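Undergrad: Pasting a structure below so you can have a look.
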Amino acid sequence: MNSAEIRQKFLDFFASKQHQVVPSAPIVVKDDPTLMFTNAGMNQFKDFFLGTKPAPYRRAVDTQKCLRVSGKHNDLEEVGYDTYHHTMFEMLGNWSFGDYFKKDALEWAWELLTEVYGLPKDRLYVSVFQGDEKDNLSKDQDAYDIWKTMISEDRILFGSKKDNFWEMGDSGPCGPCSEIHIDLRTEEEIAQVPGKDLVNNDHPQVVEIWNNVFMEFNRLADGSLVKLPAQHVDTGMGFERLCMAIQGKRSNYDTDVFQPLIQFVAQEAGVKYGDDEKTDIAIRVISDHIRAIAFAIADGQLPSNNKAGYVIRRILRRAVRYGFTFLDFKKPFLYKLTEVLADQLAHVFPELKQQLGFVQRVIEEEENAFLRTLDNGLQRLGALKDKLKENNNTIDGKTAFELYDTFGFPLDLTALIAREKGLKVDEAGFDVEMEQQKNRSRNASASEQSDWTILQPDASTEFIGYDCDTSESYIVRYRQVKTKSKSEYHIVLDKTPFYAESGGQIGDTGFLISDAEQIEVLDTKKENDLIIHITTKLPQNVEAAFRSEVDAARRNLIRKNHSATHLLHAALRKVLGEHVQQRGSLVSEKILRFDFSHFAKVEEAQLREVEQIVNERIRESIPLDEQRNVPIAQAKEMGATALFGEKYGEFVRVITFGRDHSVELCGGTHVLNTGNIGYFKIISESSVAAGVRRIEAITAGAAEEYTQQQLNELQAVREVLGTQSNVSGAVQKLQEENKALQKQLEQFELKQLSSLKDELVQKVQPLDGVNFLAEKVDVSTADYLKKLAFDMRQVVDNLVLVLAAEIDGKPQIAVMLSDNLVSNKKLNASQLVRELAKEIKGGGGGQPFYATAGGKETAGLQAVPTKALELIKNSLNA
Ligand code: SER
Numbered sequence: 006m007n008s009a010e011i012r013q014k015f016l017d018f019f020a021s022k023q024h025q026v027v028p029s030a031p032i033v034v035k036d037d038p039t040l041m042f043t044n045a046g047m048n049q050f051k052d053f054f055l056g057t058k059p060a061p062y063r064r065a066v067d068t069q070k071c072l073r074v075s076g077k078h079n080d081l082e083e084v085g086y087d088t089y090h091h092t093m094f095e096m097l098g099n100w101s102f103g104d105y106f107k108k109d110a111l112e113w114a115w116e117l118l119t120e121v122y123g124l125p126k127d128r129l130y131v132s133v134f135q136g137d138e139k140d141n142l143s144k145d146q147d148a149y150d151i152w153k154t155m156i157s158e159d160r161i162l163f164g165s166k167k168d169n170f171w172e173m174g175d176s177g178p179c180g181p182c183s184e185i186h187i188d189l190r191t192e193e194e195i196a197q198v199p200g201k202d203l204v205n206n207d208h209p210q211v212v213e214i215w216n217n218v219f220m221e222f223n224r225l226a227d228g229s230l231v232k233l234p235a236q237h238v239d240t241g242m243g244f245e246r247l248c249m250a251i252q253g254k255r256s257n258y259d260t261d262v263f264q265p266l267i268q269f270v271a272q273e274a275g276v277k278y279g280d281d282e283k284t285d286i287a288i289r290v291i292s293d294h295i296r297a298i299a300f301a302i303a304d305g306q307l308p309s310n311n312k313a314g315y316v317i318r319r320i321l322r323r324a325v326r327y328g329f330t331f332l333d334f335k336k337p338f339l340y341k342l343t344e345v346l347a348d349q350l351a352h353v354f355p356e357l358k359q360q361l362g363f364v365q366r367v368i369e370e371e372e373n374a375f376l377r378t379l380d381n382g383l384q385r386l387g388a389l390k391d392k393l394k395e396n397n398n399t400i401d402g403k404t405a406f407e408l409y410d411t412f413g414f415p416l417d418l419t420a421l422i423a424r425e426k427g428l429k430v431d432e433a434g435f436d437v438e439m440e441q442q443k444n445r446s447r448n449a450s451a452s453e454q455s456d457w458t459i460l461q462p463d464a465s466t467e468f469i470g471y472d473c474d475t476s477e478s479y480i481v482r483y484r485q486v487k488t489k490s491k492s493e494y495h496i497v498l499d500k501t502p503f504y505a506e507s508g509g510q511i512g513d514t515g516f517l518i519s520d521a522e523q524i525e526v527l528d529t530k531k532e533n534d535l536i537i538h539i540t541t542k543l544p545q546n547v548e549a550a551f552r553s554e555v556d557a558a559r560r561n562l563i564r565k566n567h568s569a570t571h572l573l574h575a576a577l578r579k580v581l582g583e584h585v586q587q588r589g590s591l592v593s594e595k596i597l598r599f600d601f602s603h604f605a606k607v608e609e610a611q612l613r614e615v616e617q618i619v620n621e622r623i624r625e626s627i628p629l630d631e632q633r634n635v636p637i638a639q640a641k642e643m644g645a646t647a648l649f650g651e652k653y654g655e656f657v658r659v660i661t662f663g664r665d666h667s668v669e670l671c672g673g674t675h676v677l678n679t680g681n682i683g684y685f686k687i688i689s690e691s692s693v694a695a696g697v698r699r700i701e702a703i704t705a706g707a708a709e710e711y712t713q714q715q716l717n718e719l720q721a722v723r724e725v726l727g728t729q730s731n732v733s734g735a736v737q738k739l740q741e742e743n744k745a746l747q748k749q750l751e752q753f754e755l756k757q758l759s760s761l762k763d764e765l766v767q768k769v770q771p772l773d774g775v776n777f778l779a780e781k782v783d784v785s786t787a788d789y790l791k792k793l794a795f796d797m798r799q800v801v802d803n804l805v806l807v808l809a810a811e812i813d814g815k816p817q818i819a820v821m822l823s824d825n826l827v828s829n830k831k832l833n834a835s836q837l838v839r840e841l842a843k844e845i846k847g848g849g850g851g852q853p854f855y856a857t858a859g860g861k862e863t864a865g866l867q868a869v870p871t872k873a874l875e876l877i878k879n880s881l882n883a
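Per our numbering, residue 6 is the first one in the sequence shown, and the count goes up by one each step.
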């Protein structure tokens with residue numbers, strides 16, 4: 006069975022057991038502050054388990070793109086060295102939301118593995134939870150008894166909390182679990198050590214393939230467990246490991262999931278996979294990492310310098326670095342792999358193939374940037390050499406950390422390069438620096454969050470903000486959040502008109518008003534599906550009835566900007582082409598910002614055309630066509646623009662402004678008629694990343710004000726120029742006049758300089774066999790001073806010339822000597838000027854025949870001629 010068949014069989018099997026087949030959620034998580042990336046299939050169903058949102062189906066099945074590179078589940082450092090951990094992997098999962106429980110889950114798992122996939126029963130082991138005293142949990146006798154009917158008891162192992170109690174993070178839904186492990190070793194190996202001893206012991210051929218979690222509890226922030234309202238099943242099977250088992254391979258990388266990538270990398274590098282462990286590791290790292298990088302970007306996460314973006318950047322750098330060091334890839338290479346990957350997975354995850362050009366562009370640009378950084382880092386290491394000699398040929402911890410922190414050099418790369426150069430690295434010192442950095446960031450972000458105080462269990466929030474700005478509400482839960490600098494409250498209501506920040510639109514502000522008091526809502530945010538109102542105060546009576554009131558004026562400005570964003574999106578596609586994809590947006594009451602894929606600067610004329618189209622749509626006064634609860638398939642048929650990396654449910658909201666103009670899937674708030682936007686004005690166009698442009702625009706009053714300001718400025722210019730028409734012509738004429746005057750002035754100055762020269766020549770005096778002149782002169786620039794000196798040299802032999810001048814309010818001195826004096830009389834212009842510069846509190850230098858000095862004390866210039874005479878006399882007589 007190839008991997009595509011294995012995946013399909015899983016989905017088909019559970020579909021035949023009445024499971025709804027659902028698509029993978031994006032790998033990048035948007036509305037969960039506890040998670041950056043999807044790390045398990047159950048993430049997208051968290052609210053169904055917690056009971057904060059009803060599940061639309063009782064059973065579901067899918068394959069989920071997962072990433073375990075940060076937080077509680079982090080496998081990054083293992084990847085490449087072993088044969089069965091990955092950054093991105095697929096998790097096959099089946100779910101029961103308050104429906105079937107342990108018996109069906111375990112029996113179906115067994116049926117699928119042994120009958121459908123035909124895995125040998127005598128190679129399988131299962132584990133069940135042994136209980137935990139601290140959490141006051143007894144052993145999972147139910148699971149044990151169910152397994153007993155299918156598998157011999159010596160293959161059922163008890164496991165501790167670490168292996169058999171699954172938790173998504175430090176808090177959240179959790180429960181005891183039962184794992185299925187497979188022994189893929191040879192008969193001889195098995196005869197020596199029984200498989201049972203190797204379960205959960207990091208053996209590459211005795212691995213866990215499937216985890217069945219029985220979700221029963223919620224772990225609170227204080228560490229305690231509370232029972233969930235219902236019992237659920239969450240299962241996760243490692244797709245790549247399953248393929249290894251079914252295809253009889255000893256490594257995930259030997260399956261057809263990875264082989265196309267591996268062979269491509271090996272060929273590019275001109276090596277053979279399997280020949281050398283060092284190059285093999287590098288090839289595995291690259292073949293693994295490209296999957297995480299490509300899909301994260303396809304799901305909307307660009308590499309960047311913070312948070313999720315930084316995680317992706319680090320993974321990319323890890324891959325580049327292995328290629329650079331072990332496979333001699335000195336030019337970008339990762340981006341080429343995306344084509345192989347996109348083709349391979351086009352039938353399951355089409356998002357990569359659909360955006361291939363864009364994803365390649367981003368990766369190649371990142372690679373280029375990092376290769377340059379590597380180069381700079383290498384030069385920096387080179388420049389350190391002398392310092393290192395004094396330092397016992399050791400790169401100190403601080404420097405190693407700087408290389409890591411600013412140049413992105415992982416410690417092992419520094420160590421490797423150091424070794425090549427016969428140097429050592431102070432690794433302990435590096436660790437100290439690293440620890441300090443961690444402490445710094447920990448202290449900066451430390452926040453304390455208390456658990457929810459729940460007033461109405463099971464109550465979920467109803468959002469009514471599409472239809473009204475106010476409502477009567479009750480608090481269903483609240484909690485306090487404290488950071489070093491502030492303390493705030495999170496309040497959840499049963500019903501709310503407040504829009505929570507999402508889809509680029511900022512959160513609403515407003516008030517919660519009761520008979521007794523008025524509490525300000527500073528912001529509204531989303532956490533999964535909870536709408537959280539952020540306040541600095543908790544109402545005295547949390548059980549009171551409140552009138553919740555959105556700041557309607559602000560909301561109306563936001564509406565205008567959001568609808569204008571849709572019109573802009575449509576106009577951009579019309580003017581620039583269908584390749585324009587939304588890459589991010591911000592809609593506030595002040596401005597709208599729209600990021601989109603496009604590979605060149607948007608020309609001025611194109612911007613004007615876009616602006617014109619949008620304003621035309623505004624003038625057409627197109628009424629809003631809002632459809633809620635449209636089945637996703639139907640919405641797509643309507644041609645609605647969906648965004649990559651956005652999680653859409655079964656039913657979506659479609660916002661239309663003109664059928665053939667703008668149809669988008671959107672959860673935001675909009676104007677009822679485009680005419681309400683009033684006026685649209687683009688104020689900037691710029692680049693944000695490789696292949697991503699940004700347009701900022703304003704609407705309505707802000708746009709009018711902006712335009713008025715521009716006009717005011719223009720009027721001011723007109724008044725200064727004294728003309729009402731053809732302002733640019735008048736400015737151009739001024740510029741031309743100015744140029745001509747400048748030229749005249751220059752000629753005039755040159756003439757003056759020439760007569761000054763003639764005057765000075767007359768003043769030259771013989772002095773001990775040379776022709777000497779020291780004089781304070783009047784010139785306007787340093788260039789003229791220089792010209793004067795050189796011109797004098799042309800006409801006077803044996804010249805010793807000292808000129809002093811005040812130029813732009815500062816004193817300057819020039820010393821000029823004829824060449825023969827430099828060689829014969831041992832005079833030196835540089836030395837002389839330095840001596841003279843003392844008079845003006847300055848310094849200078851130059852060549853032996855011509856040198857200049859600048860200084861601070863203009864008054865000192867008076868003394869220069871006398872001092873010069875003295876100095877020259879002394880030198881000539883010496
Ligand atoms: N949530 C469990 C896991 O990730 C099973 O899906 O292992």
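We put the CB at the ideal spot given by N, CA and C, even for glycine. All values reported here derive from a predicted model rather than from experimental measurement.
Compute the beta-carbon to beta-carbon distance between N217 and V198, rounded to the nearest angstrom, for a pair I have assumed lies under 8 Å.
TA: Between V198 and N217 the Cβ distance is about 26 Å, and since that is not below 8 Å, they are no contact.
Undergrad: Let me make sure I understand the geometry here. Which of R64, I32, A9 has the alpha-carbon closest to that of Q23?
TA: Of the listed residues, the one whose Cα sits closest to Q23 is R64.
Undergrad: On the criterion of 16 or more Cβ atoms from any shown chain inside 10 Å, does F19 qualify as buried, or is it exposed?
TA: buried
Undergrad: Return yes when at least one heavy atom of the ligand SER lies under 8 Å from the C-beta of N205, else no.
TA: no
Undergrad: From the DSSP output, read off the bridge partner residues of P628.
TA: N678
Undergrad: May I have the straight-line CA-CA distance separating H675 from Q632, to the nearest angstrom?
TA: 12 Å
Undergrad: Using the Cα positions of V580 and E690, report the straight-line distance between them to the nearest angstrom.
TA: 15 Å
Undergrad: With respect to 8 Å, is the separation between the Cβ of M173 and the closest non-hydrogen atom of the ligand SER below this value?
TA: yes
Undergrad: Is any heavy atom in the ligand SER found nearer than 8 Å to the beta carbon of C182?
TA: Yes - the ligand SER has a heavy atom lying nearer than 8 Å to the Cβ of C182.
Undergrad: Going by beta carbon distance, what residues of the same chain come within less than 7 Å of E522, once the five residues before and after it are set aside?
TA: P544, Q545
Undergrad: Nearest-angstrom Cα distance between E112 and I151?
TA: 8 Å
Undergrad: Are there any heavy atoms of the ligand SER lying less than 8 Å away from the beta-carbon of A45, as far as the coordinates show?
TA: yes
Undergrad: Along the alpha helix (DSSP H) that carries A30, what are the first and last residues, could you check?
TA: No alpha helix (DSSP H) holds A30; DSSP gives it neither H nor E.
Undergrad: For a test of your reading of the model: does the CB of T240 fall under 8 Å from any non-hydrogen atom of the ligand SER? Yes or no.
TA: In this structure, T240 has its beta carbon less than 8 Å from a heavy atom of the ligand SER.
Undergrad: Answer yes if the region 138-158 comes into contact with the region 257-275, meaning at least three C-beta pairs across the two stretches below 8 Å, and no otherwise.
TA: no
Undergrad: Starting from the C-beta of R509, find all residues in its chain whose C-beta is less than 6 Å away, skip the five residues before and the five after it, and write them out in chain order.
TA: Per the sequence shown, the amino acid found at residue 509 is Gly instead of Arg. Excluding sequence neighbours, G509 sits near S590, L591, V592.
Undergrad: Are there three or more Cβ pairs, one per stretch, closer than 8 Å when the region 383-391 is compared with the region 312-321?
TA: no
Undergrad: Would you say D796 faces chain C, with C-beta separation under 9 Å as the test?
TA: Checking the listed chains, one finds no chain C in this structure; it contains a single protein chain.
Undergrad: State the Cα-Cα distance for the pair P355 and I195, rounded to the nearest angstrom.
TA: 42 Å
Undergrad: Taking its Cβ as the centre, do 16 or more other Cβ atoms sit within 10 Å of Y86, making it buried, or is it exposed?
TA: exposed
Undergrad: How about S553 and H567: do their beta carbons lie closer than 9 Å?
TA: Taking 9 Å as the Cβ cut-off, S553 and H567 do not qualify as a contacting pair.
Undergrad: Would you report the Cα separation of T343 and Q365, rounded to the nearest angstrom?
TA: 7 Å
Undergrad: From this set, P61, E754, G98, G253, which residue's C-alpha is nearest P636's C-alpha?
TA: P61
Undergrad: Specify the secondary structure class of I511 as computed by DSSP and reduced to three states.
TA: coil
Undergrad: Out of Y471, K500, L460, state which residue places its alpha-carbon closest to the alpha-carbon of R884.
TA: Residue 884 falls outside the range modelled here, since the chain spans only 6 to 883, and no answer is possible.
Undergrad: I need the DSSP call for G650, collapsed to helix, strand or coil.
TA: DSSP, read as helix, strand or coil, puts G650 in coil.
Undergrad: Can you tell me whether DSSP reads M242 as helix, strand or coil?
TA: Strand, per DSSP.
Undergrad: Just to confirm before moving on: does the CB-CB distance between L379 and P337 stay below 9 Å?
TA: no
Undergrad: Taking only heavy atoms of the ligand SER into account, decide whether any of them is closer than 8 Å to the Cβ of M96.
TA: Within the chosen limit of 8 Å, the ligand SER reaches the beta carbon of M96 through at least one heavy atom.
Undergrad: Output the residue ranges of the alpha helix (DSSP H) runs that lie fully inside the region 292-354 and measure 4 residues or longer, sorted by chain position.
TA: 312-331, 339-350
Undergrad: Only counting the same chain, and skipping five residues up and downstream in sequence, which positions put a Cβ closer than 6 Å to that of G850?
TA: Counting only Cβ-Cβ distances below 6 Å, and skipping sequence neighbours, we find S835, A856.
Undergrad: Taking 8 Å as the cut-off, is the beta-carbon of N901 closer than that to any non-hydrogen atom of the ligand SER?
TA: Only positions 6 to 883 of the chain appear in the structure, and residue 901 is not among them; the question remains open.
Undergrad: Output the boundary residues of the beta strand (DSSP E) element that contains A110.
TA: Careful: A110 lies outside any beta strand (DSSP E), inside the alpha helix (DSSP H) at 107-116.
Undergrad: Relative to the C-alpha of P131, which residue among F601, T260, S183 is closest?
TA: For clarity, residue 131 is Val in the given sequence; the question names Pro instead. Among F601, T260, S183, the Cα nearest to that of V131 belongs to S183.
Undergrad: Return the chain-ordered ranges of every beta strand (DSSP E) run that is complete within the region 45-111 and spans a minimum of 3 residues.
TA: 64-72, 93-101
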